[in-house]
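One structure is given here, and the rest of the page talks about it.
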Amino acid sequence: MKLAIHGGKPVREKPFPAHITIGEEEKEAVSKVLDSGILSKYLGTWHPDFYGGPQVRALEEEWSDYFGIKHTVAVNSCTSGLYCAVGAIGIEPGDEIIVTPYTMSATATAPLIFNAIPVFADIEEDYFCLDPVAVEKQITPMTRALMVVDLFGLPFDADRIKAIAKNHGLYVIEDTAQAPGAKYGNRFAGTLADIGVFSLNYHKHIHCGEGGLVVTDNDELAEKIRLIRNHAEAVVEAKGTKDLINMIGFNFRMTEVEAAIARCQLKKLPGLIHKRLENVKYLEKKLSGIKAITLPKVRENSLHVYYQHACRFDEQIAGTSRNLFIEAVRAELPHYELRETEGVKLGCGYVKPLYLQPLYQKRIVYGKKGYPFSEVKKESKLDYSEGLCSVTERMHNKELFTHEFMVPSMTENDLYDVITAFEKVWENRNLLNG
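According to my numbering, the sequence shown holds residues 48 to 481 in order.
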């Protein structure tokens, strides 16, 4: 059988169905907001409307109830939420925050917003989250916090990371952009740390186009997050805030339209997760027959919600490279409707290890002299060289591949085509090296 990568007929040419979670409920909610004439009700002064309008406040209350957390603060993106979180814990110039190199760039740049230094620690080989052993090795007298990520939908190793943080007097900030509804024990991801941050970006489990939620059980941190969200410097005097550390604010406010959509989406989260899990179950049953593929492992006593299905590929067993194998599978499959420009949602690795980006290699952020990197203290272990995180680099360059074929819009027939493509390439893999 001639492979599509060699000019043969692909397994499927018809685009996969668009993954759309927006329905009549959201349309009705938006219409009500439009009819009210109140698209945002924030004021950047000390006033009852400093905390936003009715939809924003209702979303915050409902999110807190759902996830069992005391405070929720709505913001305009997960990135903004991470910035608020870093500011709220009182980070100062020259402080260090340990972060993962395998995540969206904003997780690592959040410390730089407050002139702190991101320090990278390696990931777990089995779960791809921050490795507690690697974290411990990177702690210095300048370390003030750990920034963990629930990568691909699986919670971080909360017990071990939090024990390290407690032992060293550190804060833990949890980036839960990819894991709403995931669980570690009986607690939701996002509520496992001092501060958790969720995403409502358009390609997440649920979304309102753009948006984020910051959660915490700490009263003081919650109020600082609210201040940073909405022009803190203009409010602190009238409010009577005495602690002025990092009380320079931004406009990170969510609109009433976005909040109304998010409230509807939250109600759909359990059903959308259930469908992802069903699709993963089908895919893994079929993919388990391909000996070169190692399916994702799930941490003990945890619920994985699969933002992406992250698998490992053994080139030695396959007798061909991961890159060539995945490229051949991609050639057999189509894109998704409405996401034509993104290509087939299957790829090698995830993101290039962040410390290899120009920002870290050149150590240039603020001004040509490289502040805050120019102020790094002698005791620091700061290192952004290639080879720093060997597991991350091996996963990215040789083993890991990810796909999004488990999204709820995929039917069993759609999944069958995906499996057929993998099996076709696997059975003909000897042709790839010719």
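C-beta atoms are modelled at their ideal positions from N, C-alpha and C, and glycine is treated no differently.
Could you give the DSSP three-state label for residue i: helix, strand or coil?
i      : result
His443 : helix
Ile466 : helix
Lys79  : helix
Leu50  : coil
Lys271 : helix
Gly55  : coil
Ile242 : strand
Ile295 : coil
Arg300 : coil
His450 : strand
Tyr231 : strand
Asn477 : helix
Asn277 : strand
Pro455 : coil
Gly128 : helix
Asp430 : coil
Thr150 : coil
Thr156 : helix
Gln225 : coil
Ile211 : helix
Asp290 : coil
Ala236 : coil
Gly134 : helix
Lys251 : coil
Asn265 : coil
Tell me, please, which residues DSSP counts as bridged to residue i.
i      : result
Thr68  : BP columns for Thr68 are empty, so no partner.
Met194 : Ile220
Ala285 : None, per the DSSP bridge assignment.
Pro165 : Ile144
Ala121 : Leu260
Phe203 : Per DSSP, none; premise fails for Phe203.
Leu177 : Ile170
Phe63  : Tyr383
How big is the Cα-Cα spacing for residue i and residue j?
i      : j      : result
Lys322 : His356 : 14 Å
Leu291 : Ile364 : 59 Å
Thr467 : Asn480 : 21 Å
Phe469 : Lys344 : 20 Å
Trp93  : Thr288 : 11 Å
Ile145 : Gly84  : 44 Å
Gly396 : Leu342 : 14 Å
Leu268 : Ala135 : 6 Å
Ala482 : Gly137 : Lying before the first or after the last residue shown, residue 482 is absent from the chain, which here runs from 48 to 481.
Asn233 : Leu90  : 38 Å
Ala224 : Leu247 : 8 Å
Ile164 : Ala279 : 23 Å
Ser427 : Gly390 : 42 Å
Lys399 : Val376 : 22 Å
Met301 : Ala212 : 31 Å
Lys49  : Glu374 : 15 Å
Leu380 : Arg441 : 27 Å
Glu482 : Leu159 : Examination of residue 482 is not possible in this model, given that the chain is present from 48 through 481 alone.
Val80  : Ser456 : 28 Å
Pro62  : Glu451 : 14 Å
Asn298 : Glu257 : 14 Å
Lys314 : Ala226 : 16 Å
Tyr249 : Cys255 : 6 Å
Gly99  : Gly296 : 15 Å
Leu385 : Thr458 : 17 Å
Thr367 : Pro57  : 20 Å
Trp473 : Phe372 : 8 Å
Gly235 : Asn265 : First, the residue type needs correcting, since residue 235 is Phe and not Gly in the sequence shown. Looking at the two C-alpha atoms, the distance is approximately 17 Å.
Tyr113 : Lys209 : 23 Å
Arg59  : Tyr383 : 12 Å
So is residue i in contact with chain B if we call contact Cβ pairs under 9 Å?
i      : result
Cys131 : The chain labelled as chain B is not found in the depicted structure, where only one protein chain is given.
May I ask you to check if the CB of residue i is nearer than 8 Å to at least one heavy atom of the ligand ADP?
i      : result
Thr190 : Inclusion of the ligand ADP in the displayed structure is not the case, the ligand content being empty and no account of it being possible.
Point to revise | Inter-stretch contact at 8 Å, needing at least 3 Cβ pairs: the stretch 175-184 / the stretch 135-153 | key: By the C-beta criterion, the stretch 175-184 is judged to be in contact with the stretch 135-153, since at least 3 inter-stretch pairs fall below 8 Å.
Practice item. Assess, as a yes-or-no matter, whether the stretch 187-200 is touched by the stretch 345-355 under the definition of 3 or more beta carbon pairs within less than 8 Å. Key: The stretch 187-200 and the stretch 345-355 touch, with three or more beta-carbon pairs separated by less than 8 Å.
Check your understanding: Just checking, does the stretch 103-122 make contact with the stretch 293-309 on the three C-beta pairs under 8 Å criterion?
Key -> Taking a contact to require three or more Cβ pairs closer than 8 Å, the stretch 103-122 and the stretch 293-309 qualify as touching.
**Study point:** Any beta strand (DSSP E) of 3 or more consecutive residues that is wholly inside the stretch 369-428
**Key:** Contiguous beta strand (DSSP E) elements confined to the stretch 369-428 occur at 393-395, taking only those with 3 or more residues.
Practice item. Go through the stretch 310-367 residue by residue and report every complete run of the beta strand (DSSP E) that reaches 3 residues or more, in order. Key: The stretch 310-367 contains these whole beta strand (DSSP E) runs: 356-360.
Check your understanding: Are the stretch 67-84 and the stretch 400-416 in contact at 8 Å, needing three or more beta carbon pairs?
Key -> Under the three-pair Cβ rule at 8 Å, the stretch 67-84 does not count as touching the stretch 400-416.
Point to revise | the stretch 331-341 contacting the stretch 259-276, beta-carbon criterion three pairs below 8 Å | key: Counting Cβ pairs under 8 Å, fewer than three are found: no touch.
Point to revise | Cβ contact check for the stretch 179-195 and the stretch 443-452: 3 or more pairs under 8 Å | key: No contact exists between the stretch 179-195 and the stretch 443-452.
Check your understanding: Which runs of the alpha helix (DSSP H), 4 residues or longer, sit entirely within the stretch 87-117?
Key -> Within the stretch 87-117, the complete alpha helix (DSSP H) segments of 4 residues or longer fall at 101-114, listed in chain order.
Check your understanding: Hey, is the stretch 122-133 in contact with the stretch 251-268, meaning 3+ C-beta pairs nearer than 8 Å?
Key -> The stretch 122-133 is in contact with the stretch 251-268.
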